[in-house]
Every structure is written in C-alpha cells, then in structure tokens.
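Chemist: First to last, the sequence lines map onto chains S and Y.
So the first sequence is numbered by UniProt numbering: it starts at 1 and just counts up by one.
So the second sequence is numbered by UniProt numbering: it starts at 1 and just counts up by one.
Have a look at the structure that comes next, please.
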Amino acid sequence: MTLSYYLVLAAILFTIGAVGVLVRRNAIVVFMCVELMLNAVNLTLITFARSTGTVDGQIIALFVMVVAAAEVVIGLAIIMSIYRTRRSASIDDANLLKY
Amino acid sequence: MSETLPADGLLGWSWLLIALPLAGAAVLLLGGRRTDRWGHLLGTATVAASFVLAVLCTIQLAGQDGRPADVDLFTFISTGELDVRAGLLFDPLSAIFALLITGVGSLIHVYSIGYMAHDPARRRFFAYLNLFVAAMLLLVLGNSFVALYVGWEGVGLASYLLIAFWYTRPAAATAAKKAFIMNRVGDVGLALAIFVMFAQLGTTSYAGVFGAVGTLAGGTITALGLLLLLGACGKSGQFPLQAWLPDAMEGPTPVSALIHAATMVTAGVYLIARSAPIYDLTETARTVVLAIGALTLLIGAIAGCAYDDIKKVLAYSTVSQIGYMFLAVGLGPAGYVAGLAHLLAHGFFKAGLFLGAGSVMHAMNDQVDMRRFGALAKKLPVTFVTFGLGYLALIGFPFLSGYFTKDAIIEAALDRDDVWGWVLGGVAVLGAGLTAFYMTRLMLMTFFGRARWEEGVHPHESPSVMTAPMVVLAIGSVGAGALLVSVFPLSGWLEPVFGEPEEAAHVVAPAIIGLVVTAVMLVGVLAAWLFVGRREVPVTAPVRVSPVTRAARNALYADAVNESLFMRPGQWLTRALVWVDNRGVDGAVNGLAAGLGGSSSRLGRAQTGFVRSYALGILGGAVLVAGALLAVTAG
C-alpha cells in the first residue's frame, strides 16, 4: 500500500470542497463543502500518523472533529435564522456587512 | 535728594488724596442710576476735598523746609528677591503736581456740571473723571517707579474711557483706540525701564534707584534714560508718537482741558524731571530729549497753523508747548525748573483756553469749524475776555504767564553757550512766532470779523457754573508766570529736589531775550492779521493751496508715515502669519487627516460584503503561505 493514494484522494476531496465554497451560492452547500475540506485534512493527518506510527495526527484529527461538530451547530443555527428573516439561503444576498 | 522724614501729621493722611476721588468713582460706578441726581456733586466734592487736603499737606511740607515725607503703606509685591512696597512720596515736586491736578481738576469738575448738564450719561462722566484724578495723583505721589506705572496705566485707561465717552460716534471710538494703542507703544518703554531697574538694581523705589544708579555702567544708564523717554513720548504726545493727541479731541471738551492739556499729557515731563538723577548721568539720553522737544515744538506749531477745527488747533498747540517743556528738562539742571514752571503756567492757560473753546462750542451747537464762527466777541463777552487772557498768556504777551516761563526756557537753552544752544534757542524763538501766528488766527476767526454762523444758530453766553472756572483760570493765566518766576520762585521751592540753582552766566541778557521774543511774537501776530484778519474768511477751506499748507493740514503726514511704516507692514505681517497658519500648520494637520481618511475609505472598498470573494482571498493567502513554506524548506 502506498501513501500517495490516500494523499491524492485527500487532495481531490479538498479541491472539490474549495471549489464548492468558491462557486456555490447556497449556504447549505457551501457549508457541506467546508466540512468536506475539513475531512480531507483529517484524512491527510491520519495517513501521516499511520505512516510514522505515532498517534499525534490521530489526536489532532479527533480535535478537528470536535471543533467541526461545534461549528456545525453554530453555523446551521446562523443559516436557519438568516433563512427565516430573508427567505433565502444564498450567501450573496447576505452582503450587508461591507464598507 | 535730601533726607526723607517719616510722615506724621497731615502728611500721614496724604493717601486720602488718592482714596477720595477713587471712592467717588467707585460710588458713582457701582451706585448705578440711583446716584444720577447727585452724582456730579459728589464727584466734584471729592476732588475739591482732595484739593483742600493737598493745600494743607503742602503747607505742612513748607513748614518742614521741603524735606520730603515718605508714607509707607503696605507690601505690594513680595516674591523672593523682588520686594515692592506701596508708598507715597510727598515732596515739593509731587506737591506742585498734586496742587495742579486737584486745583485745575476741581475747576473743570465744576465746569463739567454745566457743560454736561444735558447729557444723559453725566454720572458716568464724573465717575471716569474721578477715576482719572485718582490715577493721576497716584502717578505723581507714588514713591517708586512701580507705583508710578500703576498710575500711568490708570490715567491711560481713564483717558481711553473719556475719549470714547460718546462711544456711539465711530470717530470717538476710533480716536480712543488710537490713543490707547499709541500709549501702549510708549508704555512698553517704561515697563522695560522698570525691568532693567529690577534686574540691575533689585529695587524700583525712587530712593533706591537714584541712590544706586551711579554704580551702573554708562550704557545701561543711557538705555534707562532712552526707555523712560519712550514712555514719556507716548504719554505726552511727543514725536514720533504725537499723532494720537489731536484725535483725542473727540472726547468731551472738559476732558480735553483736564487730561489732554493740563495734566495727563504733562506726565512725561514729570517722569523726566523725577528721573533727573538718571538723566544727569547720561548726556546721550538728554540730547535725545532735547532733539525730540525741539522737533515736536516745531511740528505742533506748524500743524496748528493750518487746522480749522478749534480744538485741534489747541491740541497741536499743546503738543508744541509740551515740546518746550521737553526741551527745557532736556537741558538738565539748568532747565528743570523752567520746564516745570512752564508746565504749571501752561496747565492754567491751556485749560482755560479749552474751557473757552467748550463754551464757544456750547454756544454754536457743538460746531468746531472756526470758519463757521466769527464776530463772537460781543455775543460771548465773558468767554471772549477769559479766552483772550489765556491767548495772551500763551503767546507770551509781556508780563503774562507765558512771557516769563517761555523766556526762562529760551534763556536756559542759550546759556548752554555752544552751537546747539543757539540752534535750540532759535527753534524756541521761531516756535514762539508760530504760536503767536496760529493763536492770533484762531482769535480772529472765532471772535472777530463777519459772522459766518450756520442757519439757526443763536449764540448765547454759558451759565455761570461754566464761566466761573474760566474766570479763575484766566486769573491764573495772567498771574501764574510772575508768581512762579519772581514773587514766589519755583526754583527755591524745588531746591530740595533738584539742588541749589546755580547762578547761570547769561550769554545773552534776559532783557534782550525778552525784547527779541516779544518782537518775534508781534511779527507772528501781524502776519496772522495780514493773512486772516484783513481778508474775508471763506466758509469752506480753500482747496488750491501751496504744498506747505497741504503738509501742515495733514500734520506733516504723521498719520501717513505711521500707517505706511508701522500699520501696513504690521497688517502684512499678520496676514502672512494667518496665511502660514491656515495653509502651513492647519494644512499639514488637516492634510494628514484627510490623507488617512481617503486611503482608508479606498481600502474599505475591498470589503464588498460578498463572502465568496473573502473565501477566495483566504484561499489565495493560504496557497501563498504554503508556497512560501515549500520554497523555504525546499530551498
């Protein structure tokens, strides 16, 4: 088995996530793309942890998951309240905070 | 200076001289409208009481052979090495001034009761007059230069308030400001002189300064003399600060008589005479005093010949006569007494002349243009006689005041026995001729010739409350000179101050001088009769006149010189400073603020509110950081 399969997969997942964040307007989709990027990073961490035989990477991956879970709670709540007030989940419509 | 005695008896109360008019001013100013009915009486009473007290004090002073009395009052300033005590010095010199101020002051207060009878602000007028008398007495009675300075500024303030008494008239308000500002120029000199005394001698009391002035370097003494002279020139309307005095005639006529003829403007002469121990040590400063006196004497006399405003002619005459006094005190020990005698005599006849002019204006509905007078001798007999006696005294008609005192000055100048003595004496004789010319012109245009009155003017003699002071002053004008020179010699009275008068070796016999001066005076009178009395006086001033007349009408362009030399450059300077402040200082500060604001609002444009563009920015940044890390680790 080689590391590169995992790393390439992680890179593909990260790229899909990043492109999704940049091109999609729906807040839910953008949100899921962010999760995708986080998990791509998790995959990279675990791959390297496995290859070096240490547990540091796995511990950080667990931290990332915990933080991501908390972030999902907050993020979804924000998206819900924006949707309720503006009847739209497009992130381009939520542009009041600017110069 | 002879030893001082502790003040006992009445002299210990001499502070009341100042306190009485000051209290009068305070009551009238603070009492408000409820003092309107009797305010003028109170104002007159305080000054009259001061006069009585001054007479009694002088009698006591004469009883102790003129040895000065020092009245120590209280500590005025005490900080570290600087210790100024407020005190009065009642010596023969301050005594004659106190008598002049309170005596002429009382008469003019009485006159003002009639002159200002119809003015709604009469109470305010008397309050300011009382304030002036108090300040002027402090000026002459103080025993230190600091006390003199306080009085000096006090009379400046009173003068300002009284010139601008009719403050709704723009001309009066402007004249008051002009007087105040030109006086400040002189006052700077006096203040600097006092600073020099503090710095060099550590004291400002007359006794301290005059006792130690001999220890100073020659240059310092000369500087002291010149600085004091600057102060004297400002207050006394001497060249180059003479232009404010004629404009000060915008004030009520009693003010012109009291402040701008008899007392305040002679304060400069008092200052120089008082500082005699300083001037005795510096030939340079004395020479400058002489030059200024001679120059001002001629400037005033020439300008006096051309004006048609009766009060301005008298004002230029005052400038010229004070020039005589400066010339006298500039001569040093030989001239102090002559100058002061002329000062006293001048106080009488010039105050009388101004009161007479006020009486004429009163009769002519406040007209001041002499071309609209004429033929008033019959209509105003008392005014004519008293004014005429003052006129004769001023031009030096034999055996009246001016004859004795002016001749004494000319004698003292000639006694120098050098070329400058002849020059100064010649200038003084020429001035006497010019004086005779312009005063005769004034007399002829006002009292003789054809009536050139305006429509609806019905001249009437003034009430007796106004004529009585004029009569008293006329008697003084006639007798003062003989009294001061022969009967009751001023030189003997002032001996404790200026020392024993040395019997001068006369270069020219006084009798010859008297004849020459009288002859020149008669030539002046004759010239005036030829130019003015013989012909019809036009109602409007002729426009086509010689350049000399035009220059004299503009007072030898003193205002123009002041404006082009000082006022305009001053305005340019202030305008340039305002420009530098607005464009330079404010520009730098405002420019910095505007630059920061502009650039931040331009940077703020990046905050578009589109989340995806922020995300792109973050991604780009992350890629950049990662790329940099790779480059560093790989390299």
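The beta carbon of each residue, even a glycine, is placed where N, CA and C say it ideally should be.
Three-state secondary structure (DSSP) at R85/Y?
Modeler: Reduced to three states, the DSSP call for R85/Y is strand.
Chemist: State the start and end residues of the unbroken alpha helix (DSSP H) segment that holds D559/Y.
Modeler: It spans 558 to 562 - the alpha helix (DSSP H) in which D559/Y sits, taken as one unbroken run.
Chemist: Let's test the definition: count the other Cβ atoms within 10 Å of the Cβ of E454/Y and tell me whether it reaches 16, buried, or not, exposed.
Modeler: Burial call: exposed.
Chemist: For the 8 angstroms Cβ check, are there 3 or more pairs between the region 341 to 357 of chain Y and the region 381 to 401 of chain Y?
Modeler: Yes, the region 341 to 357 of chain Y touches the region 381 to 401 of chain Y.
Chemist: Kindly list the residues whose CB is nearer than 8 angstroms to the CB of V21/S, restricted to its own chain and excluding five residues on each side of it in sequence; keep chain order.
Modeler: Taken in chain order, the residues that qualify are V30, C33, V34, M37.
Chemist: Could you check what DSSP says for A509/Y in three-state terms: helix, strand or coil?
Modeler: Here A509/Y sits in coil by DSSP.
Chemist: Are the region 466 to 484 of chain Y and the region 547 to 555 of chain Y in contact at 8 angstroms, needing three or more beta carbon pairs?
Modeler: Contact fails: fewer than three Cβ-Cβ distances are below 8 angstroms.
Chemist: Does chain Y have any CB closer than 8 angstroms to the CB of I91/S?
Modeler: By this cut-off, I91/S is an interface position.
Chemist: Taking contact to mean 3 or more Cβ pairs, one atom from each stretch, closer than 8 angstroms, check whether the region 26 to 33 of chain Y and the region 62 to 82 of chain Y are in contact.
Modeler: Result no; under three Cβ-Cβ pairs closer than 8 angstroms.
Chemist: Could you list which residues in chain A have their beta carbon closer than 7 angstroms to that of Y99/S, in chain order?
Modeler: In the displayed structure, chain A is absent; the protein chains listed are S and Y.
Chemist: To which residues of the same chain is D92/S closer than 8 angstroms at the C-beta, ignoring the five residues directly before and after it?
Modeler: Only R25 meet the Cβ criterion.
Chemist: For G524/Y, which residues from the same chain have a beta carbon less than 6 angstroms from its beta carbon, with the 5 sequence-adjacent residues on both sides left out?
Modeler: So the qualifying residues of the chain are G433, A436, F437.
Chemist: What does the Cβ neighbour count give for F404/Y, buried or exposed, with the cut at 16 atoms within 10 Å?
Modeler: Buried is the call here.
Chemist: So the beta strand (DSSP E) V71/Y belongs to, where does it begin and stop?
Modeler: Counting along the chain, the beta strand (DSSP E) containing V71/Y begins and ends at 69 to 79.
Chemist: Put D369/Y into one of helix, strand or coil per three-state DSSP.
Modeler: Strand.
Chemist: How would you label Y128/Y, buried or exposed, when you count the other beta carbons within 10 angstroms and need 16 or more for buried?
Modeler: Result: buried.
Chemist: If you scan the region 4 to 45 of chain Y from start to end, which runs of the alpha helix (DSSP H) of 4 or more residues do you find wholly inside it?
Modeler: The qualifying runs are 15 to 31.
Chemist: Who does N39/S pair with in a DSSP beta bridge?
Modeler: The partner list for N39/S (beta bridge, DSSP) is empty, contrary to what the question assumes.
Chemist: Can you round the beta-carbon distance between F97/Y and Y279/Y to whole angstroms, since I take them to be within the 8 angstroms contact cut?
Modeler: Not confirmed; about 18 angstroms, so no contact.
Chemist: Is there a Cβ of chain Y sitting closer than 8 angstroms to that of V8/S, yes or no?
Modeler: Judged by the 8 angstroms Cβ criterion, V8/S is not in contact with chain Y.
Chemist: Within 10 angstroms of the Cβ of E411/Y, are there 16 or more other Cβ atoms? Answer buried if so, exposed if not.
Modeler: Under this definition E411/Y is a buried residue.
Chemist: Give me the chain Y residues within the contact set of A40/S, using Cβ-Cβ distance strictly less than 8 angstroms, ordered along the chain.
Modeler: Under the 8 angstroms cutoff, chain Y gives no residues; its nearest Cβ is about 14 angstroms from A40/S.
Chemist: Suppose the cutoff is 8 angstroms on Cβ atoms and the five residues either side in sequence are ignored; what does the same chain contact list for L530/Y look like?
Modeler: Nothing meets the Cβ criterion.
Chemist: Can you name the residues of chain S whose CB is closer than 9 angstroms to the CB of R575/Y?
Modeler: Residues of chain S passing the Cβ test: none, with the nearest at roughly 42 angstroms.
Chemist: May I ask you to verify whether the region 119 to 126 of chain Y touches the region 49 to 66 of chain Y, counting CB pairs closer than 8 angstroms and requiring at least 3?
Modeler: At 8 angstroms Cβ cutoff, the stretches do not touch.
Chemist: So which residues of chain S does F610/Y contact, with C-beta pairs closer than 7 angstroms?
Modeler: The contacting residues are D92, N95.
Chemist: In angstroms with no decimal places, state the Cα-to-Cα distance between V155/Y and G479/Y.
Modeler: In a straight line, the C-alpha of V155/Y is about 29 angstroms away from that of G479/Y.
Chemist: Would Y6/S and L43/S qualify as a contact pair, given that the criterion is a beta-carbon distance under 8 angstroms?
Modeler: For Y6/S and L43/S, yes; Cβs fall inside 8 angstroms.
Chemist: For G214/Y, which of S275/Y, V507/Y, G142/Y, T75/Y has the nearest alpha-carbon?
Modeler: Answer by Cα proximity: S275/Y.
Chemist: What is the DSSP secondary structure of G142/Y, counted as helix, strand or coil?
Modeler: Reduced to three states, the DSSP call for G142/Y is strand.
Chemist: V21/S touches chain Y at which residues, Cβ-Cβ below 7 angstroms?
Modeler: Ordered by position in chain Y, the residues that pass the 7 angstroms Cβ test against V21/S are A615.
Chemist: What does L629/Y reach in chain S if we use C-beta pairs closer than 7 angstroms?
Modeler: In chain order: nothing, as chain S lies at least about 15 angstroms away.
Chemist: Quick check: what's the CA-CA separation for M1/Y versus T174/Y?
Modeler: Confidence at M1/Y is low in this model, with a pLDDT of 44, below 50, so its placement is unreliable and the value that follows should be read with caution. Rounded to whole angstroms, M1/Y to T174/Y spans 43 angstroms at the Cα level.
Chemist: For the alpha helix (DSSP H) holding Y614/Y, just list the boundary residues, first then last.
Modeler: Taken as a continuous stretch (DSSP letters only), the alpha helix (DSSP H) holding Y614/Y covers 611 to 634.
Chemist: My output table needs one value for D415/Y: the three-state DSSP class, helix, strand or coil.
Modeler: Correct three-state label for D415/Y: coil.
Chemist: Name, in chain order, the residues that DSSP records as bridge partners for S205/Y.
Modeler: Beta-bridge pairing links S205/Y to S144/Y.
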